[in-house]
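Our numbering runs 409 ahead of the 1-based position in the sequence shown.
All C-beta atoms in this analysis are idealised placements derived from N, C-alpha and C, irrespective of residue type, glycine included.
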Amino acid sequence: MHSAIEAVEGRPDKKWFEKFSLENAAKGNAIYQHLRGGGHEPAAQGAVSFGGGESVLLEFATLYLSPCSGFDADQAALFPFRRGRPDDPVLPAHEGRAFTSAQVCFKVTCNATNPGEGVFIVGSSPQLGDWDPAKGVACATTTETFPVWTSEPVSMHTAAEFKIVVQHAERRDGARWEGGGNKSVEGAALAGADSLTLSCSWGGLEVTATRA
Numbered sequence: 410m411h412s413a414i415e416a417v418e419g420r421p422d423k424k425w426f427e428k429f430s431l432e433n434a435a436k437g438n439a440i441y442q443h444l445r446g447g448g449h450e451p452a453a454q455g456a457v458s459f460g461g462g463e464s465v466l467l468e469f470a471t472l473y474l475s476p477c478s479g480f481d482a483d484q485a486a487l488f489p490f491r492r493g494r495p496d497d498p499v500l501p502a503h504e505g506r507a508f509t510s511a512q513v514c515f516k517v518t519c520n521a522t523n524p525g526e527g528v529f530i531v532g533s534s535p536q537l538g539d540w541d542p543a544k545g546v547a548c549a550t551t552t553e554t555f556p557v558w559t560s561e562p563v564s565m566h567t568a569a570e571f572k573i574v575v576q577h578a579e580r581r582d583g584a585r586w587e588g589g590g591n592k593s594v595e596g597a598a599l600a601g602a603d604s605l606t607l608s609c610s611w612g613g614l615e616v617t618a619t620r621a
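Dropping the structure here:
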């Protein structure tokens, strides 16, 4: 924040923030204050700010990146807009760890397969196939590890629902979906994680997240 103010104030033709920037910052602060709730607690959801310039920097940083805000900077992201003018200051960007992808490995306990069949994770996000078994995440097992099946790491950064699917290893001849409700990957589990293992079982709703 300090370096950004120095960059703006250091322009030879402008020694202060423009009036409209301060007005826009006040409007933005009012919106963020509403998100924080009646008790003025920091917003629980991640916050992203796009566009603007000085005003965006002010309205975002004062409530989310300030040490006095009480907000976890890992849950915030700031991407200032640049107009491409030579005298424009370089405003700092910030991308909290909650907005970066975690490498997720699925560890599934399933003994419902027949010879030639495999276990797949199929879910609501593109990374999990958008509920299409033909695009699901394949899991593998060995004689020693069966009935535990493990996937290769999948890059994920948002919450998703999923189910375990059993189908032919070449994804043909139809698929068998486990019964019951959808399992879920919570965004809170992904936030700030570089790698994560999600353990679950065929027919059960419980998902255990373990960070590496």
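Residue range of the beta strand (DSSP E) that residue i falls in?
i, result
"Val594", "Lys592 to Val594"
"Cys609", "Ser604 to Ser610"
"Thr559", "Val557 to Ser560"
"Leu487", "Ala485 to Phe488"
"Val546", "Val546 to Ala549"
"Arg580", "Arg580 -> no beta strand (DSSP E), and no H or E assigned at all."
"Val563", "Val563 to Met565"
"Arg494", "From DSSP, Arg494 is part of no beta strand (DSSP E); its letter is neither H nor E."
"Ala618", "Thr617 to Arg620"
Would residue i and residue j qualify as a contact pair, given that the criterion is a beta-carbon distance under 9 Å?
i, j, result
"Ser604", "Ala621", "yes"
"Lys592", "Val616", "yes"
"Val575", "Gly613", "no"
"Ala584", "Pro542", "yes"
"Glu561", "Cys514", "yes"
"Ala482", "Met565", "no"
With a CB to CB cut of under 8 Å and the five nearest residues on each side skipped, what residues in its chain are close to residue i?
i, result
"Ala569", "Gly532, Ser533, Ser534, Gln536, Leu537, Ser593 and Val594"
"Trp540", "Val531, Gly532 and Ser533"
"Asp582", "Gln576"
Give every residue of the same chain whose Cβ lies closer than 6 Å to the Cβ of residue i, excluding the five residues on either side of it in the sequence, and list them in chain order.
i, result
"Lys571", "Here the sequence assigns Phe to residue 571, which means Lys is not the residue at that position. These residues qualify, in order along the chain: Ile530, Gly532, Leu537 and Lys592."
"Lys516", "Thr559, Thr606 and Ser608"
"Thr518", "Pro556, Val557 and Ser610"
"Lys544", "Gly538"
"Trp425", "Note that Trp425 scores 47 on pLDDT, short of 50, meaning its location in the model is unreliable; the coordinates nonetheless yield the value given after this. Closer than 6 Å at the Cβ level, and outside the excluded window around Trp425, lies no residue."
"Arg580", "Ala543"
Which residues in the same chain as residue i place their Cβ atom closer than 7 Å to its Cβ, once the five residues preceding and following it in sequence are excluded?
i, result
"Gly596", "Thr567 and Ala568"
"Asn520", "Pro556"
"Ala618", "Ala598, Leu605 and Leu607"
"Gly589", "Gly612 and Leu614"
"Ala547", "Gly527, Phe529 and Ser560"
"Ala549", "Trp558 and Thr559"
"Gly525", "His577 and Ala578"
"Thr509", "His566"
What does DSSP give as the partner residues of residue i in its beta bridges?
i, result
"Gln570", "The identity of residue 570 in the sequence shown is Glu, whereas the question assumes Gln. Partner(s): Ser593."
"Gly532", "Phe571"
"Thr554", "Bridge partners of Thr554: none, in fact."
"Phe508", "According to DSSP, Phe508 bridges with nothing at all."
"Trp586", "Val574"
"Gly525", "Partner(s): none; Gly525 has no beta bridge."
"Cys519", "Looking at the DSSP assignment, Cys519 forms no beta bridge with any residue, so it has no partner."
Buried or exposed for residue i, going by 16 or more other Cβ atoms inside 10 Å?
i, result
"Phe480", "buried"
"Asp587", "Checking the sequence, you will find Glu at residue 587 rather than Asp. Glu587 comes out buried."
"Ala485", "buried"
"Gly505", "buried"
Measure from the C-beta of residue i to each C-beta in chain B and report whether the shortest distance is under 9 Å.
i, result
"Ala584", "Protein chain content of the structure displayed is limited to a single chain, and chain B is not contained in it."
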